[in-house]
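Read through the structure below, which is laid out as structure tokens, and then see the notes.
There are 2 protein chains.
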Amino acid sequence: MFVNRVRESWGKRVAESQEKEQPRRRQARGERRIAQLLEAAASVFCTTGYTAASTNAIAREAGVSPGTLYQFFPNKEAIAIELGDRLMHEMRDTFGEALAPVDPATPLEEAVGAAVDRFIAFNCDHPVFFALMHGPDIPGHIAEEHDALHATLLARIEGLLSSLLPDSPPADLTRTAHMCLGLYKAGLELVLGHEGAERDAYVQELKHVLIRYLEPLVGDRLGRVEGSGAGATAAR
Amino acid sequence: MFVNRVRESWGKRVAESQEKEQPRRRQARGERRIAQLLEAAASVFCTTGYTAASTNAIAREAGVSPGTLYQFFPNKEAIAIELGDRLMHEMRDTFGEALAPVDPATPLEEAVGAAVDRFIAFNCDHPVFFALMHGPDIPGHIAEEHDALHATLLARIEGLLSSLLPDSPPADLTRTAHMCLGLYKAGLELVLGHEGAERDAYVQELKHVLIRYLEPLVGDRLGRVEGSGAGATAAR
DNA sequence: CCAGAATGCGAGCGACCGCTCGTGTTTGTC
DNA sequence: GACAAACACGAGCGGTCGCTCGCATTCTGG
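Chains as they are written, first to last, in our numbering: chain A, 38 to 273; chain B, 38 to 273.
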């Protein structure tokens, strides 16, 4: 919602204590244009990626002129940031806090399966999410917002895991969370790359991977290691 | 080694039956320049990615002029292609056929562990490989060579798997190979993103993931499913 | 030794990109 | 209806990028 902020602080440094950004009253038409532009940007980012997407192409897709686009966004990066922001909020709204608390009594397969299904469904509904997440081919410093997205997801996963693995060292927990997110992203790429039955099969495989990966760790919680003595169960 | 081919068929369509490309005799100096340029390209691709890497930057890094670069490569894509080609060959030379045959008697952990160690070591030695593999932010059709790389790796993995899972339907086998490669790429990203002990820990986690993922499938080979009745053991 | 091929240079062409700016139109307010 | 602010336009500016071209230099076969 901070679509317009940078603009006025460009030509000249604003008076020092002028931190109060006057909210630049928007009309309904403006809000509509913003939504229109974000939708167009999502479409273009999806098909060409962030860097290859031209602002002119986004404006064209939205049916407006380049100048109009820059009435609402100070630069190209802001479009991606606002888009990411709205996706974050939509994710929060969609999932609610339904993912945070996990009853330790829930079977692992059920917990993982439900989480994966939700995430996959969300990513299928909003393919931009994947595009922004996976290939922003960072021109140097867009990482600022990309990292925010990433960190939020990681925190969420870590929250999930901490209820599954309450007595795991924080370092291990963070590492496990990174692994889970990485595995999920890998699976997601394969899932989105296929259709119909094959897609479902990949979803199943992804669940399989995560369950199998987490099973022995959760097993530790019960004081029992059931594996066949494979390499160090708690790495490092 | 097909560095020069496109050049002559540009201005005018070459005489129809002139498919015989005259090999454009190279002097030792030229070969040296090519190696120099590829090394520079590797460095630049590594730090900026493919699309963001400018041919002028590559030439500068190699200490030559842009014109000189285009004496040896018809366009930017050809640089990436030749680089990928040489990496492919180097991989073949490094690994030999040592990865192809897997004694079914070898413990799964050992086989996976060895394969992962080799691949990781190779990727650490040649970081460009990851850069070309993971984020070529395809400007449309570089996929031609990118897919060749991908397909070669997949075939290699499928070969490995087929000796582990001889009686698996081909479709399942292909899917499993895709999963393994995806999981490996995800793990590799995390491995390369850390240093020292933490890196080793991620390597261990990656092995853990792959072993755990493949274990029940290999178990099927013995006619026994040892899992806790998790979602379909043979997916789809 | 010399003709011609291979190599090397670097200014610069054309295309595109992110973004601006002067100008005109719509909208809300009194 | 008048006036200002918000909105919309689109030519075009400054810059970069992939790549070219004319010309100089170095190598090599005869």
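The beta carbon of each residue, even a glycine, is placed where N, CA and C say it ideally should be.
query: Within-7 Å CB hit, residue 250 of chain B to chain A; result: yes
query: Distance between residue 156 of chain B and residue 247 of chain B (C-alpha atoms, nearest Å); result: 13 Å
query: Closer than 7 Å to chain A by CB, residue 121 of chain B; result: no
query: Chain B contacts made by the segment 204-223 of chain A, where a contact means CB separation under 9 Å; result: 208, 209, 212, 213, 215, 216, 218, 219, 220, 221, 222, 223
query: Reference residue 240 of chain A, options B/165, B/85, B/216, closest by Cα; result: B/216
query: Min CB distance residue 254 of chain A to chain B below 7 Å; result: no
query: Nearest-angstrom beta carbon gap, residue 120 of chain B and residue 165 of chain B [assumed within contact, 8 Å]; result: 6 Å
query: Proximal chain A residues relative to residue 195 of chain B, where beta-carbon distance stays under 7 Å; result: Simply none; closest approach about 15 Å.
query: Selection from B/61, B/117, B/93 that minimises the alpha carbon distance to residue 106 of chain B; result: B/93
query: Nearest candidate by alpha-carbon position, reference residue 195 of chain B, set B/213, B/250, B/63; result: B/213
query: Interface residues of chain B facing residue 227 of chain A [CB-CB closer than 8 Å]; result: 215, 216, 219
query: Collapsed DSSP secondary structure at residue 341 of chain A in the structure displayed; result: Since the first and last residues shown for chain A are 38 and 273, residue 341 of chain A lies out of range.
query: Own chain, CB closer than 7 Å to residue 282 of chain A, minus 5 neighbours either side, in chain order; result: Outside the displayed span of chain A (38 to 273) sits residue 282 of chain A, for which this structure offers no information.
query: Where residue 185 of chain A meets chain B, residues with beta-carbon distance less than 8 Å; result: Within 8 Å Cβ-Cβ: nothing; residue 185 of chain A doesn't reach chain B, min ~17 Å.
query: Rounded straight-line distance, which links the Cα of residue 206 of chain B to that of residue 132 of chain A; result: 37 Å
query: As assigned by DSSP and simplified to three states, the class of residue 112 of chain B; result: coil
query: Contact test: residue 215 of chain B Cβ vs the ligand ZN heavy atom, cutoff 6 Å; result: Looking at this structure, you won't find the ligand ZN or any other ligand, since it has none at all.
query: Proximity test, Cβ basis, 7 Å: residue 101 of chain B and chain A; result: no
query: Straight-line gap, residue 162 of chain A to residue 249 of chain A (C-alpha atoms, nearest Å); result: 27 Å
query: Within chain A, the residues that residue 81 of chain B reaches when beta carbons sit closer than 9 Å; result: Within 9 Å Cβ-Cβ: nothing; residue 81 of chain B doesn't reach chain A, min ~14 Å.
query: Element boundaries [alpha helix (DSSP H), containing residue 209 of chain A]; result: 207-229
query: Distance between beta carbons of residue 159 of chain A and residue 125 of chain A, contact taken as under 8 Å; result: About 11 Å; that fails the 8 Å criterion.
query: Chain B contact for residue 246 of chain A (CB, 7 Å cutoff); result: yes
query: Close Cβ partners of residue 79 of chain B (< 7 Å) along its chain, the five nearest in sequence each way excluded; result: 120, 165
query: Residues of its chain near residue 90 of chain A, where Cβ-Cβ distance is below 7 Å and the 5 sequence neighbours each way are ignored; result: 81, 82
query: Boundaries of the alpha helix (DSSP H) in which residue 78 of chain A is found, first to last residue; result: 65-85
query: Which of helix, strand or coil DSSP assigns to residue 191 of chain B; result: helix
query: Alpha-carbon spacing of residue 201 of chain A relative to residue 188 of chain A, whole angstroms; result: 20 Å
query: Distance between residue 198 of chain A and residue 243 of chain B (C-alpha atoms, nearest Å); result: 18 Å
query: Test item: CB-CB of residue 99 of chain B and residue 77 of chain B under 7 Å; result: yes
query: Close-in-space but distant-in-sequence residues of the same chain around residue 101 of chain A (CB under 8 Å, 5 per side omitted); result: 70, 73, 74
query: Whole-angstrom C-beta distance between residue 226 of chain B and residue 219 of chain A, which should lie under 8 Å; result: 6 Å
query: Residue 255 of chain B vs residue 145 of chain B beta-carbon contact at 7 Å; result: yes
query: Anticipated Cβ contact below 8 Å, residue 95 of chain B with residue 118 of chain B, distance rounded; result: About 14 Å; that fails the 8 Å criterion.
query: Extent of the continuous alpha helix (DSSP H) run through residue 164 of chain A; result: 164-171
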